[in-house]
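Shown next, in structure tokens, is the structure this report addresses.
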Amino acid sequence: MEKKLRFLIPDGYSPKSRDEFIAVNMTLAGQLYADLLVRRMPDAEYDIWYSSDPGAVPPTDAELETYAGVIWPGCNLTIYHDDPRVRAHLNLVERAYEAGIPQFGSCWAIQLATTVAGGKTEAHPKGREMGLANNIRLTEAATNHPMMAGKRPVFSHFVSHDDYVVQVSDCVEVLACNYWCPVQAAAVSYKKGIFWATQYHPEYNLLEMARLIRARAKKLIEQGWFQDEADMSAYASNLETVYYTPETKNIRWQLKIDEDIINDDMRECEFVNWLKYAVLGE
Numbered sequence: 001m002e003k004k005l006r007f008l009i010p011d012g013y014s015p016k017s018r019d020e021f022i023a024v025n026m027t028l029a030g031q032l033y034a035d036l037l038v039r040r041m042p043d044a045e046y047d048i049w050y051s052s053d054p055g056a057v058p059p060t061d062a063e064l065e066t067y068a069g070v071i072w073p074g075c076n077l078t079i080y081h082d083d084p085r086v087r088a089h090l091n092l093v094e095r096a097y098e099a100g101i102p103q104f105g106s107c108w109a110i111q112l113a114t115t116v117a118g119g120k121t122e123a124h125p126k127g128r129e130m131g132l133a134n135n136i137r138l139t140e141a142a143t144n145h146p147m148m149a150g151k152r153p154v155f156s157h158f159v160s161h162d163d164y165v166v167q168v169s170d171c172v173e174v175l176a177c178n179y180w181c182p183v184q185a186a187a188v189s190y191k192k193g194i195f196w197a198t199q200y201h202p203e204y205n206l207l208e209m210a211r212l213i214r215a216r217a218k219k220l221i222e223q224g225w226f227q228d229e230a231d232m233s234a235y236a237s238n239l240e241t242v243y244y245t246p247e248t249k250n251i252r253w254q255l256k257i258d259e260d261i262i263n264d265d266m267r268e269c270e271f272v273n274w275l276k277y278a279v280l281g282e
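This is how it looks when you write it as structure tokens:
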């Protein structure tokens, strides 16, 4: 009988942060990737490691080597802070590189991937990039890279981040960028391993983005993204409307929601390619 592939999903959100998601019915970060994994690879198995929980213990080297890959969801930690929770993630990324275990992830993941390989992340001088990032462009390096096979040359995607990668080492190929963020997608080849990562979120859909906005309402209003609670709620409701009825032309036009946001295959392309080429070696 063929052995099922098992994946590790480290979720760095604290119990308090997870409760904020639960309060708005949002799927937790690690579970978002678990659901995507099982939808794309039905026989796959996974373990979610809630690394910021009290007493959380990282996998041993022997345990780590049983995984076919490590999948990193977003996280509200800050990579340049001296924080034991951050160090635990950096250490795990390093160990996976050394063991040759393929890694994939979004947002926080691209900062982990590039930092361990000698890069640098900083706070963005303009603050947060939020909601739908438009005009993300593939770079020349992406033309022949398997991570971006089938991707449109210019596309939109879901984002929510204050920090951004400002420097990468020679072992990093930058695969996508936009005016806000010079490294929107990257492929890292370091030591024995590879790490494909995006600053945007292939695991999100319009419904989950609407719920994230509701969870972050207070902060987003304070930062000027919305005038007030009613303004925020109207925007989130519009995202939900398009999720349930994607033929809603007026809202899609107003919010610039194209097929690359609606279509699962287009939106999840990078993750599917990682499973196909980096994990299965096709």
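Okay, so the sequence shown: first residue is 1 according to this note's numbering, each after it adds one. For each residue, glycine too, the CB sits at the ideal point set by N, CA and C.
C-alpha distance - aspartate 258 paired with tyrosine 204, whole-angstrom precision: 15 Å
Can you name the residues that DSSP bridges to isoleucine 136? Phe155
So, at 7 Å on beta carbons, what are the nonlocal neighbours of glutamine 223 in its own chain, with the 5 sequence-adjacent residues on each side left out? Gly127, Arg128
Proximal residues to glycine 105 (C-beta, below 7 Å), its chain only, five neighbours per side dropped: Ile71, Trp72, Pro73, Ala197
3-residue-minimum beta strand (DSSP E) runs that sit fully inside the stretch 165-211, ordered along the chain: 172-177, 185-190, 193-198
Taking Cβ positions, are alanine 29 and leucine 37 nearer each other than 7 Å? no
Taking the alpha-carbon positions, what's the leucine 206 to alanine 133 distance? 13 Å
Output yes or no for whether 7 Å exceeds the beta carbon distance between valine 168 and glycine 119. yes
In this structure, how does DSSP classify valine 93 when only helix, strand and coil are distinguished? helix
Excluding the five sequence neighbours on either side, which residues of its own chain have a C-beta within less than 8 Å of the C-beta of proline 41, listed in chain order? The amino acid at residue 41 is misidentified as proline; the sequence shows methionine. So the qualifying residues of the chain are Leu5, Leu275.
Taking DSSP as the reference, what is the three-state secondary structure of lysine 120? strand
Inter-residue spacing [alpha-carbon to alpha-carbon] between alanine 217 and alanine 62: 42 Å
Delimiting residues of the alpha helix (DSSP H) encompassing phenylalanine 104: Careful: phenylalanine 104 lies outside any alpha helix (DSSP H), inside the beta strand (DSSP E) at 103-106.
Spatial neighbours of asparagine 238 within its chain, please: CB distance less than 6 Å, with the 5 preceding and 5 following residues excluded, ordered by chain position. Ile251
Nearest to alanine 187 (by Cα), restricted to the options Glu173, Asn135, Gly55, Gly193: Glu173
Count the CB pairs spanning the stretch 137-156 and the stretch 76-91 that are closer than 8 Å, and state whether there are at least three. no
If you count every other CB in all the chains shown that lies within 10 Å of the CB of threonine 139, and 16 or more means buried, which is it? buried
Here's a check: name, in chain order, each residue in its chain whose Cβ is nearer than 8 Å to the Cβ of isoleucine 194, leaving out the five neighbours to either side. Pro102, Gln103, Ala187, Val188, Ala278
DSSP state of methionine 1 mapped onto helix, strand, coil: Note that methionine 1 scores a pLDDT of 44, beneath 50, so its modelled location is shaky; the value from the coordinates is reported in the next line. In this structure, methionine 1 counts as coil in the three-state DSSP scheme.
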